[in-house]
Structures are given as structure tokens and as C-alpha cells.
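**Student:** Take a look at the following structure, please.
In our numbering, the protein residues as written are 186 to 1462.
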């Protein structure tokens, strides 16, 4: 069973002084030869490691069985008491091998290969083994071992004392009869329990239970009791990620193994508030800074236990960033030379070594846990950059609100007489506090690195670090300069570029402000808004609460109070409304059966079988809607079946888990399980379709992960070093973050290569990039007085400022925002409105007389003023003329098409013109800039008049491809209504949503209350999405071309369930009718080869399926108890059992043509069926009672074919391919159902309309194919 994870126990090691040394010391002491009791050398006495039982003793019983034995290795004696003369330790920590004299097999009495027995004794007694003259208290401490790959193993050590006794003949005495009091001596034994999992509290409790058995027992029973204890722990399965904890009884205590919150987080089984008790919050921030900047950090304490607990807590505090360097929380006295390592590290040692460590080693951060202080080894002071102000102040305020005093929590409760009740009560309080602390520290990390993703290029895996640094506050830059070069940050970047949906991403998305979401909807170049400029010149305190936005919603008063002195008269912290409204999920516990005699094979197998039976009962008792708990039970039963050797049963459990929750699916475990299948098992697996598909999927995913792993680097943006053809130029511009859109970059390439060979010189690119960045920096420095700011809107930005010029309204500078031109008068700064772009009537170049010269000037005529505004721009006039005309054309198109994206594109074009003219500095510069005048040229070439009906009906347009380099086809649209009374602070929110499926399985989610993008690019497979269905308020089902139905949670916005029963692409989904309130909800799905399936929504099981004979089944709908299925060649009415009731063929007049049905619509109220065809511009209306031929045919003018139909109120909206003004367009026809006439023709897409959906009959949303790629929102009358 290689690679299959073990249970809780990895190994149990007993260390102590060698028996002969103890005898020698004991005799010397009896004879009063020694005055001081010495430190003795510590040695390994016993090693116990699984497997403790094998099947060989009962192999004859298993002949003919289908599955392989649970443990296939030869039985080894895995525990030993070290006999120094007979079995000396070898250098690698393994016991020497004895050879059977009769030529038998070599017995390998070995220990787990990752266990280093040379260092372990020192770590179990880091201060040395001291013989005592009186009984001492048991002492616990914790260890962490890290292998060369960075995998950590965890250990808990107890040191407990027993009296030293030897009989008169020199043998070790087993009894408890002690010699005289004066001559009594005590020696310590260290019992070290090692696990792959960080269950510190649980393993400490296990050792406490063991000591209650060891202390009264004879020394002769010592080894057997420890071995039995180890064997029991090896039977304990690890709980899966989620909300299912594992509980087992180890008398007298109940031991709880808490689960991990998700697959990426380790379990939390320690008290995370300990660092807050040792350090003030500001000092904790300094320690976190030292980790984020990868310093050499040494923790010091007189208490060995605190070293590991503090170090592990700090690892949780910086999650999801992962410490990449040596992590050794406990160093023994002999290991202090580790501190000379040249790399960053986090280590710990005894406080007694403080002076020695500080004197011997430079550049250390010394953290004194006992005093709660920090210092450095070179000066005594700590010179670390401050964490960014906004994140720092938020953390400090949150920390003030922590309730860390358990006594205050329980002072109103009575005394419990049950120790396990008391422990459960404390655990519940600790879990709640741990969750609160994790949220606070995660929020700190999110607030520090929130804006990193603004400077990532996902396509080319580039992080523009210079741009990111430049956009930070000056006071925060020293911190980021150090952090950006660390391994820890590089790993974090890799996860961001992989779009990892971890705790960081979830919190970052949920705490985005609405203003941020709206701003991210426009791909305009980054400039500070008027609101940000106003804050820039005010105090940091007043800036704070605004910068944090939704991350810190209720701290207005709290933050202001930080400015003055704080005085608390109570240890109980003032309760701050934390603003972190992440509800704690309910926890369930699975109680393991009582342990069997753990060293007998058949008892162990019976134990596993009992556990499997209990898990089966738990699975059948789970409420159908609680899929996450069901997934945990399937995971746990799969794990137990695996270690019990029932591999096929395990694979069946993991198949059920894959359907229920892919988020916690253990890919590596299942891959190892598949590799371990015997030939007979593999043959059985191949006969079971579901398991066969799971095996192929796991293998495919494993290969894909290995292939992707090699290509996961992160590049820093660098200027090009050689000439660039168009393809290279596009890549470098996208990496630079200037612009993503490929069409715009192509025009820029044309501009920069005017009149020369079609390649861009690296020096020209450098000058262009530098000019762009300098212009951006100048805009950051624009200081507008309050009297000017009040005339501008909060989200306006100044993008271009002219030199000081003479105008018809005085002398000043012309400023351009995305909405207007205004004059910033010199002397006493004042504001003179020139014009808003939408009010411009004419822009032209003229010349104004000045003495004997004529100076070029720009004249702007507006609809709001009679007089023309004139400005003497001299040499800048041609550039400003081009820019203003482009902005005017963009504004006109944005207004006509109700699409703000046009304005943003025009602004980008204008700024690129400015940069092109600035970098070329030649006679052809203005001509080159005209290549970027895209909208102005469109206005001249094709007057883009929007028909009046379209303009009146169109409300707004949104661009779902904003984060992508080119437009994507909108394949499917789905609107899901909101929930009244659901606050946005809870997980998920109550707003309605628009779900938009783009090419290749990308799904984008918009908040339909504000039309802001709520979630960009959830990846649903890698194939085209064909259909979506809102099954209930918690889930959306998505049918894909890859034959899978993906189920997405509307709360977490993650896709963690998959239905894989279809064998070809899923083309349609429909919701079943519920006959009674409590009848199970069902959903219907169909695939293109004709299969229709009925699903139980609660269990995700197929209740029924049948196959129809047709040419490409395209959709399924339910009406009055029957299913209507639309195929290319026919429409079928089918009973729910699959019996064909009626079949409708193509209308007679279309039978000879190469067309096919594209869609159907059932009009229940009028008992009508409406159909449309792919290449025909008409609708057919049929009577449901007698659908032999259509009773009405409705012609659609200028229509080349219909793609989709929906009913809205008493109208049918038709999406199609049509023609308008002689060009191919996406057209929508609104048909009156009473008169059967076309009421409206709407033209708003430049490509075919592919999707329509209705938003509560108030709006209709249409999505277009790739050439257009936009979503239009229409008013319904």
C-alpha cells in the first residue's frame, strides 16, 4: 500500500538513558560517590510504527477472495527495546539486520524512512536528561520535522519520571518497593508520538491517557502498553476537509480531531490566541513583517512548549502565504550551530542561550516570548519596514475586539461534574476564538496584497512589479520593496496567476466595494479619481476608513478614536463591530467505535468493518440538502475502505464524493489507490462504468497536473531587448499592462511603424513605455484645489493637462477628464468649464493673429454656448485636435449604443495618441497618431446611426470579456432572482445575478442590481457551455459540451459538484414540476445523441433515463406533465416514462431545404407551440391540440435565421442573424402574440444574437457571438 496515507500515528518512539548507565549511576549514588547528579546521554529505547498486524497468519482463509490483503508487506517486528551489545544502531538510524542461521529471510527491524533517530533523542530532551532526586511533574513539548521537499511531520513529546531501581543481582527491578528515601533517584523517559498531521492538543491528550496506564504499571509491561497504545492510534482515520470532526475514546478522555477548513489549510489544533497573550498587537505585526520579508528569526523562551506553539500560530497568521525556508521551532543545546545558516529561517531555542546567540550571529531578529519583546542581534533595535498603514490600523482595531478571557465567558455557568463536558465547552469557545483570529489575520493579508491582481497579466503569467510599487503610498514602498523579492511572495503570485479559489480570493472578492466593482467594469488606464486626490491631501487618519472600503465597514468611530489616547479600565476588551461577517459553520462529529485488541488481525478487520457500517448509517441519515456533510462521510468511508484493503468499495465512495464535492476530492490518494489495484480488481473496475470513468479521469488529471507544474513560473515585466514583429509586440504591450485589447494593440503597432519596416525597435518601445509612465505619474501629482474639485464628479480623473496657454476665457491649462474639458486658470487656481464631450458640436483648427504672426488655435463649438471657445495650443494643437475628436466620437457612440465601454476605449486611444506623438517626435508623429483615431474614423466612414426604436428600448450594455484580450462569444445567459432579507454581509448576498457563459467554459457573474461584475471567470471545464438552469437559490446547473453537468454554488461561486452520467454533450436542462410541496424536486437533462435523464436534485441520482431516436437533440422543456424535446429534424412530445406521444416534423414547405429546427417555445395559456429554424427568417405557430401543420407563419424581415426564443409578458422575443443598413447584424424581433405581427426590430449587436433571457419580465438580456461579445439590456413595455 505504498503512498496510501496512514492514520493518525506515523511512529511512537521512546527515548531515555541506557540501562547500563543508569545502573552505574545508581550504584555510585548508593555508595555516595557522586555529589551532583549528572546529565545523561539520551538514546532510543523503543520504536513502534505501523503496520502492527498483517494477514499472513490467516492467509489460507483468504484464498479465492477478490480483493488483496489489507497489508501486503512481510510482517516485521516494528518495536524494539535497544540492546546495546546485541543490536547497535547504524548511522542511518536503522537497527542492524540479523541473519537467520538456517538461511531464512533477512529480518529488517527498521523504522519509518523519514525518521531520523540520531537527532530525535536530543529534541525529546533539548535541555538534556537530568537525573532527579525527587519526583517531577510531567512535561510536554512539541516538535516539527521538515524533509528536503518541505513536507512537515509533527510530534508531541512527554517527559515523565520513574524511580530508578535495581535488584541486588544488578537486574532491573519490576516492582514498586522502593529503597530508603535518602537513596531514591528518578530518571526521565521521553515518549514521542509522531504524526503527519498537526494535531498538537489531541496527541497531548492521548499521551496524558497513556500516562495514567503507565504510572501504576510494572516496568516489564512498559513496552507492551506503549506498543498497544501506538497500534490504537494507527487505526484512527484523519477527518476530511470540511465540517466533520473525528472523535474517539481513549480512557478516561474523549479525544477530538478537528477537520481542516478546506484542502489548502492545515488543521488548527492549538490555541491561536497564545501569541496575543505574549505580545501586543503592534509587536505581532513586527513579527509577521519579519516573516513576510524573510528575515532570520529566532524565538526564545524558557518553556520549550511555547516555541512550537508560537511558531505554528505564526504560520497560520500568514496563510495563505507559505513559509518556504527552514522551520525548526526547537533546537537543542547541541544544535545551536544551525543558527549560522546563511538562508532565512524560523528557529527556536532556550532563553538561556540569548546572549550567546546574539553575540555569535549577525542579522538575527530575536523574539523573546517570555518578556514579549523583539530585538536584533546587531543593534538591539529592530529595523523593519512598517506594514502598510491601512492594513495595520485595521488589524490593530480588530485585535482590540478579541475576547480572549475564557473565565469571563463561563462565569454565568455552573460547575460541570463531567471532565469531557468541561473539555467540550472549552473546545467550542476556543474554536470560535480561533476562527475570529484567522479571519482577522487573513483580512490583514488581504488588505496588504489586495491590489496585486490589478498588476497581473494572466495570459503571459507576468507581474508588473515596478507598476505595482509605483502605485503604492510612499510610506508603504519600503515594505513592498522587501516583500516583492521573497520566495513566499513568488509562491503567492503563482497561486494568483493560477486563479486559485482559496481563502484569500474568497475574502478579497467578498470585501470588494461596489465602487471598486464598478470601476473594474471599465478598462480605462489607471489614474487617481477626484475622490482619491481629495484624500491624498488630507490626514492619514481621515484617509484610512475610506481606503479600507467594505473590508472595514463599521470602523468610522473606532478609527478616529485611535488618534487620541486609549484608556481601558477593564481586561475585557471593548467589543468592536468587526465587520467580518463570516458565519461559523456548524460542526458534526463522527464517533469511532471502541478500540479492539489492536494487535490481532481479525479484530482489526472487524473494527474497520464496524466503522464502515457506522459510516453507511450516517450517510443514509444525512439530510439531502446537506451535500457538504455527505461528501465528508463518503471521503471518510473511502479512506477506511482503502486501509481495510477494500479498494473497489473505496473507489465507489470516491466516485460518489466526486459527484458531491470535487473541492475536497483527494486526487493523490485516489491515484495511489488506482496504482495499487491488483489485476483481478482492475478487471472488476473496468466492468463498472462509473469506476472506470473515475479511474480515467483521475489519471488524466494527474498527468495534466504534472504537465502544468512545469509551466507555472511567474515572470517579472521586462522591456524587450530585440526588434518585435506584431505577435511579440502584442505580448509585450499586454505584459506591460498598458492595454489588453488585441485590436487596439494592432492599431498601435501600425502607428509606431508608419512609413517603415513592420517591426518595432526595442529603443522605441522603451521611449514609448517611459513616456506613458511619466504621463501617468504626472496625473498622480495633479493637485486640484477644493474649489475646482467640487465641480467634478467623484470618479472623474484628470488624464491630460496642457502647458499654460492663452484662451478666450483667460490664461491657464486645459485639463481633460473622461467626461469633459475644463480650464484650470493660473494665478489663483479657478475652474472654467469648456465643454462636456457629449455637448460638442464642432472641433476645428484655426489660427489666431498675434503681432505679425498667426498662432495655431483650437476652436470648440458646443450646443450649450453661443460663443466658440478658442485656445492657442501652438505646437500641441494637432494632437489636442485628434484627442478631442476621438473623445467626442467615443462619447457619441457610448450614448447612442448605451455602452460606456466605447468611451473607455476612446480614452485609451486618445492617451495612446499622446504617447505616440511624445515618443516619435517627428513630422510623421501626428499622421501616426491618426492610426489610433478609431471612433473618429468610424464616424466618418459609416455614420453609425442607431435606429430610434432600438435607442428607446436599449437601456444599457455590458462587456463580459473585459478581463480578456479579445471579445468572447456569449453562449448562454441565465438570470437568477434575489432574496429579500439576505444581507450582503452573509456568505453570498441577496442581490439578483446574471450568469454569462463565454467561450471554452468561462462563466462570468454580474450583480443584476448594479450590473457590476461580481465574479470574473469561474472555469467550468474547458469546453463550450450549452445550457444553464437555476435549480434553486443555492445552485446553478451548467450543461457542457464535454458531457458533464457542473453544479455551481450561488454562495461560494465555486463549482464543486459534477454529474458525469451523460455520454455525449449536454444540450438542455429543465426544472420539473412539483405535484406536492414536499415531493422531491427533479430536473431533466438531455444530450445530443438523444438521451434524456431525470435527476433527483437532493440526492443527485438518476431516477430514470431513456433514449429518443432523432438528429441532435437540442433542448428539453416540461409542459402539463409531458416533456417536449427539440431536435434538428423533429419536435417530440414524450411521456415522463420515455414513451413517445407525438412527433412534429419540419413544415412541408421546408422539408426539401437543408434547414433544421433551432428552438421551440410552449405558450401554455393559449395552447400554442412556436418553432423557429436555423436558416429561415420565419416563425411557425402550431395548435398543441392538433400539431399537424402550423396555423400561422410569421415572416421576420431581413432575417437570415433564428437562434433563440423567449416569452416575456404577451410578447415573443426572437434572437436571430439579420441584416441592417446592408451589413450583417444581430437582430432581435419583438412579436405580438395577439396579432402575430412584428412589433419591433432591435439592432444592437454586430454579430449574431446567441442567447436571450428575461429578468422578471422587466428586462430582456441578449448576448452576441464573438465579433460583438457584448450583453445588451432591454426595457420591456
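We put the beta carbon where it would ideally sit given N, CA and C, even for glycine.
Write down every uninterrupted run of the alpha helix (DSSP H) in the region 806-879 whose length is 4 residues or greater and which is fully enclosed by it, in chain order.
**Tutor:** 812-828, 832-845, 852-860 and 864-872
**Student:** Taking the DSSP output, what are the residues bridged to residue 201?
**Tutor:** Residue numbering aside, residue 201 sits at position 16 when the chain shown is read from its first letter. Residue 201 is bridged to 228.
**Student:** Can you tell me whether DSSP reads residue 1161 as helix, strand or coil?
**Tutor:** Locating residue 1161 in the chain shown gives position 976, where the first residue counts as 1. Assignment of residue 1161 by DSSP, reduced to helix, strand and coil, places it in the strand class.
**Student:** For residue 774 versus residue 425, is the C-beta spacing smaller than 7 Å?
**Tutor:** For the purposes of this step, residue 774 is taken as residue 589 along the chain shown, with counting starting at 1. For the purposes of this step, residue 425 is taken as residue 240 along the chain shown, with counting starting at 1. Taking 7 Å as the Cβ cut-off, residue 774 and residue 425 do not qualify as a contacting pair.
**Student:** In whole angstroms, give me the CA-to-CA distance for residue 1232 and residue 1206.
**Tutor:** Translated into the one-based positions of the chain shown, residue 1232 becomes position 1047. Translated into the one-based positions of the chain shown, residue 1206 becomes position 1021. Cα to Cα, residue 1232 sits roughly 11 Å from residue 1206.
**Student:** How many Å lie between residue 155 and residue 1364 at the Cα?
**Tutor:** Nothing can be reported for residue 155, as the shown portion of the chain is limited to 186 through 1462.
**Student:** Using CA coordinates, which residue listed in 429, 1187, 317 and 1191 is at the minimum distance from residue 1176?
**Tutor:** Position 991 of the chain shown, counted from the start, is the residue given in the question as residue 1176. Of 429, 1187, 317 and 1191, the residue nearest in Cα terms is 1191.
**Student:** On a Cα-Cα basis, can you pick out the residue from 384, 1241, 1358 and 330 that is closest to residue 848?
**Tutor:** For the purposes of this step, residue 848 is identified with residue 663 of the chain shown, where counting begins at 1. Residue 1241 is the option with its Cα nearest to residue 848.
**Student:** Determine the DSSP secondary structure at residue 1005, reduced to helix, strand or coil.
**Tutor:** Locating residue 1005 in the chain shown gives position 820, counting from the first residue. The answer is strand: DSSP assigns residue 1005 an E or B state.
**Student:** Between the region 612-632 and the region 496-505, are three or more C-beta pairs nearer than 8 Å?
**Tutor:** yes
**Student:** Along the chain, where does the alpha helix (DSSP H) that runs through residue 1386 open and close?
**Tutor:** By 1-based counting over the chain shown, the position of residue 1386 is 1201. No alpha helix (DSSP H) holds residue 1386; the beta strand (DSSP E) holding it covers 1384-1393.
**Student:** Would you tell me roughly how many angstroms separate the C-alpha atoms of residue 1423 and residue 687, rounded to the nearest one?
**Tutor:** Residue 1423 sits at position 1238 when you count from the first residue of the chain shown. Residue 687 sits at position 502 when you count from the first residue of the chain shown. Whole-angstrom Cα-Cα distance: 50 Å.
**Student:** Determine the closest residue to residue 1212 out of 1058, 1302, 1296 and 473, with distance taken between C-alpha atoms.
**Tutor:** Counting from one through the chain shown, the residue named residue 1212 turns up at place 1027. Among 1058, 1302, 1296 and 473, the Cα nearest to that of residue 1212 is on 1302.
**Student:** Determine the extent of the beta strand (DSSP E) in which residue 1057 is found, giving its start and end residues.
**Tutor:** Counting from one through the chain shown, the residue named residue 1057 turns up at place 872. Unbroken beta strand (DSSP E) run through residue 1057: 1054-1057.
**Student:** Excluding the five sequence neighbours on either side, which residues of its own chain have a C-beta within less than 6 Å of the C-beta of residue 745, listed in chain order?
**Tutor:** Position 560 of the chain shown holds residue 745. A caution first: residue 745 carries a pLDDT of 34, below 50, which makes its placement in the model too unreliable to give a value.
**Student:** Grab me the residues of residue 1458's own chain with a C-beta within less than 6 Å of its C-beta, minus the 5 sequence neighbours each way, in chain order.
**Tutor:** The residue labelled residue 1458 in the question sits at position 1273 within the chain shown. So the qualifying residues of the chain are 1140, 1141, 1444 and 1446.
**Student:** Can you name the residues that DSSP bridges to residue 773?
**Tutor:** Start at 1 with the first residue of the chain shown, and residue 773 comes out as number 588. Its beta-bridge partners are 429.
**Student:** Sorted by chain position, which residues of the same chain lie with C-beta nearer than 6 Å to residue 905's C-beta, five sequence neighbours on each side aside?
**Tutor:** Taking the chain shown and counting its residues from 1, the one referred to as residue 905 is at position 720. The answer, listed in chain order, is 917, 947 and 950.
**Student:** Determine the contact status of residue 799 and residue 845, defining contact as a CB-CB distance below 7 Å.
**Tutor:** Within the chain shown, numbered from 1, the residue matching residue 799 stands at position 614. Within the chain shown, numbered from 1, the residue matching residue 845 stands at position 660. No, the Cβ-Cβ distance between residue 799 and residue 845 is not below 7 Å.
**Student:** Quick one: Cα of residue 660 to Cα of residue 573, how far?
**Tutor:** One-based indexing of the chain shown puts residue 660 at position 475. One-based indexing of the chain shown puts residue 573 at position 388. Computed Cα separation, rounded: 8 Å.
**Student:** If we ignore side chains and look at the alpha-carbon of each, how far apart do residue 198 and residue 347 end up?
**Tutor:** Indexing the chain shown from 1 puts residue 198 at position 13. Indexing the chain shown from 1 puts residue 347 at position 162. Here the alpha carbons of residue 347 and residue 198 stand approximately 17 Å from one another.
**Student:** Beta-carbon separation of residue 433 and residue 777 under 7 Å?
**Tutor:** The residue labelled residue 433 in the question sits at position 248 within the chain shown. The residue labelled residue 777 in the question sits at position 592 within the chain shown. For the pair residue 433 and residue 777, the CB atoms are nearer than the 7 Å cut-off.
**Student:** Tell me the DSSP secondary structure of residue 727 in three-state form.
**Tutor:** Taking the chain shown and counting its residues from 1, one reaches residue 727 at position 542. For residue 727, the predicted model reports a pLDDT of 38, less than 50, meaning its position is unreliable; a value from the coordinates is still stated below. Three-state DSSP puts residue 727 in a helix.
**Student:** Could you spell out where the beta strand (DSSP E) holding residue 1191 opens and where it closes?
**Tutor:** If you number the chain shown from 1, residue 1191 lands on position 1006. Counting along the chain, the beta strand (DSSP E) containing residue 1191 begins and ends at 1187-1192.
**Student:** Give, in chain order, every unbroken run of the alpha helix (DSSP H) that is at least 4 residues long and sits entirely within the region 410-494.
**Tutor:** 459-463 and 466-477
**Student:** Leaving aside the five residues before and after residue 788 along the sequence, list all residues of the same chain whose C-beta is less than 8 Å from its C-beta, in chain order.
**Tutor:** Position 603 of the chain shown holds residue 788. Cβ within range, chain order: 781 and 782.
**Student:** Sorted by chain position, which residues of the same chain lie with C-beta nearer than 6 Å to residue 1311's C-beta, five sequence neighbours on each side aside?
**Tutor:** In the chain shown, residue 1311 corresponds to position 1126, counting from 1. Cβ neighbours of residue 1311 within its own chain (closer than 6 Å, five residues either side excluded): 1299, 1300, 1342 and 1345.
**Student:** Can you find the residues in the same chain that come closer than 8 Å, C-beta to C-beta, to residue 587, ignoring five residues on each side of it along the sequence?
**Tutor:** For this step, residue 587 is matched to residue 402 along the chain shown. So the list reads 458, 461, 618, 621, 622, 625 and 758, once near-sequence residues are dropped.
**Student:** Is there contact here, the region 961-977 with the region 934-946, by at least three beta-carbon pairs under 8 Å?
**Tutor:** no
**Student:** Less than 7 Å between C-beta atoms, sequence neighbours within five positions excluded: which residues of the same chain meet that for residue 1138?
**Tutor:** Locating residue 1138 in the chain shown gives position 953, where the first residue counts as 1. 1425, 1427, 1459 and 1460, listed in sequence order.
**Student:** How would you label residue 1376, buried or exposed, when you count the other beta carbons within 10 angstroms and need 16 or more for buried?
**Tutor:** For this step, residue 1376 is matched to residue 1191 along the chain shown. It is exposed - the Cβ of residue 1376 has fewer than 16 other Cβ atoms within 10 Å.
**Student:** If residue 383 sits next to residue 451, beta carbons under 8 Å apart, how far is it from one beta carbon to the other, in whole angstroms?
**Tutor:** For the purposes of this step, residue 383 is taken as the residue at position 198 of the chain shown. For the purposes of this step, residue 451 is taken as the residue at position 266 of the chain shown. With a Cβ gap of about 5 Å, residue 383 and residue 451 count as contacting.
**Student:** Rounded to whole angstroms, what's the CA-CA distance from residue 427 to residue 392? Just pull it up for me.
**Tutor:** Numbered from its first residue, the chain shown carries residue 427 at position 242. Numbered from its first residue, the chain shown carries residue 392 at position 207. Distance between the alpha carbons of residue 427 and residue 392: 27 Å.
**Student:** What three-state label does DSSP hand residue 1144 in the structure shown?
**Tutor:** Here residue 1144 refers to the residue found at position 959 when the chain shown is read from its first residue. Three-state DSSP puts residue 1144 in coil, outside helix and strand.
**Student:** Is the distance from the Cβ of residue 1413 to the Cβ of residue 1400 below 7 Å?
**Tutor:** Numbered from 1 along the chain shown, position 1228 holds the residue referred to as residue 1413. Numbered from 1 along the chain shown, position 1215 holds the residue referred to as residue 1400. The answer is yes: Cβ separation under 7 Å.
**Student:** Any idea which residues DSSP pairs residue 1200 with across the strands?
**Tutor:** Position 1015 of the chain shown, counted from the first residue, corresponds to residue 1200. 1190.
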